Each structure stands twice: as structure tokens, then as C-alpha cells.
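J.:
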Amino acid sequence: MNEPIDTFRQRVFQIVDAIPRGRIATYGDVARLAGSPRAARQVGGILSRLPAGSRLPWHRVVNRLGGISLPGEDFIRQKTALEAEGVEFGPEGKIDLSRYRWVW
DNA sequence: TACGTGACTTTCG
DNA sequence: TCGAAAGCCACGT
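Residues are numbered in this note's numbering as their position in the first sequence, beginning at 1, plus a constant of 62.
Quick look at the structure:
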């Protein structure tokens, strides 16, 4: 009955959900783990369409510079959530990837 | 049903 | 070293 739908989106959900607390991953990492190294843009698009209450740690996904691509309030929200997990931001609002990156 | 858009990354010139 | 374009998949109109 519950056939595991191996769509790209389902894999993204599983991967993001597997990111440990206090760690981060880049869009490219998630895309690559999902099976499409070039689909980083879609990862962002999928996360932007996340249903409210999905309980997915989307805030642990950042761009390859360790920065947040979100504008305005969502930027604050993501940054606050990460800081609450012990992730420190640099002077330019970027995360030290070599320190917090979940996968290499 | 088809086309356009989008939280990005990588490669080529 | 810098700039531009392609690739990827799902969703909205």
C-alpha cells in the first residue's frame, strides 16, 4: 500500500529531515544526495513550497557560500533557528561550512 | 494540456 | 580570473 514514491521531491524531504541538529547542508548537497547534482534550484523551489507544519528542518539548508538566500523576514527566521541550534554566523552573516557542513 | 518561473550549482569561453 | 549559460524538477496560471 504505501508505495514509496521515489520522486525527487520525496527524496529531498527525507534528506533534509535527516540533517542532524546543529549541522547544515547546501542546496547542491541535497540535490546530489537526491540523485540530481544539477537540481539545486529545485531544492530551493521545493522548500519554498513546503506545507506549513511539515516539521522539516528547512532552515538547515543554505547556499554553497554558507549564506541564506531568503529575503527579509524569512532570512531572520532561518538565522534565528540555526543560532538556536548552536550554529554560529560569521561577520557577513555566513556560516563556516568547513565547520558545520553535514556532508562533504 | 502547455508554458513560464524559481530559496542554486556547475561548467565553458 | 570573471562573466554568461545550461541543467534540473515541481508548481502555478
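Glycine included, C-beta positions come from ideal geometry on N, C-alpha and C. Just so it is clear, the structure is predicted and the values come from calculations on it, not from any experiment.
1) Is it the case that the region 96-108 contacts the region 65-80, given that we only count it when at least three CB pairs across the two stretches are under 8 Å?
2) Is it the case that the Cβ atoms of Leu-159 and Gly-128 are separated by a distance below 7 Å?
3) In angstroms with no decimal places, state the Cα-to-Cα distance between Glu-114 and Asp-79.
4) For the putative contact between Val-149 and Ile-86, defined by C-beta atoms under 8 Å, what is the C-beta separation to the nearest angstrom?
5) By DSSP's criteria, Ile-86 is part of a beta bridge. Which residues make up the other side?
T.: Reading it off the structure:
1) yes
2) Within the first sequence, numbered from 1, the residue matching residue 159 stands at position 97. Within the first sequence, numbered from 1, the residue matching residue 128 stands at position 66. Contact: yes.
3) Stepping through the first sequence from its first residue, residue 114 is reached at position 52. Stepping through the first sequence from its first residue, residue 79 is reached at position 17. First, the residue type needs correcting, since residue 114 is Ala and not Glu in the sequence shown. Their Cα atoms are separated by approximately 15 Å.
4) What you label residue 149 is simply residue 87 of the first sequence in a count that begins at 1. What you label residue 86 is simply residue 24 of the first sequence in a count that begins at 1. Indeed, because the Cβ distance is near 7 Å, the residues count as touching under 8 Å.
5) On the first sequence, position 24 is the one that residue 86 refers to. Arg-163.
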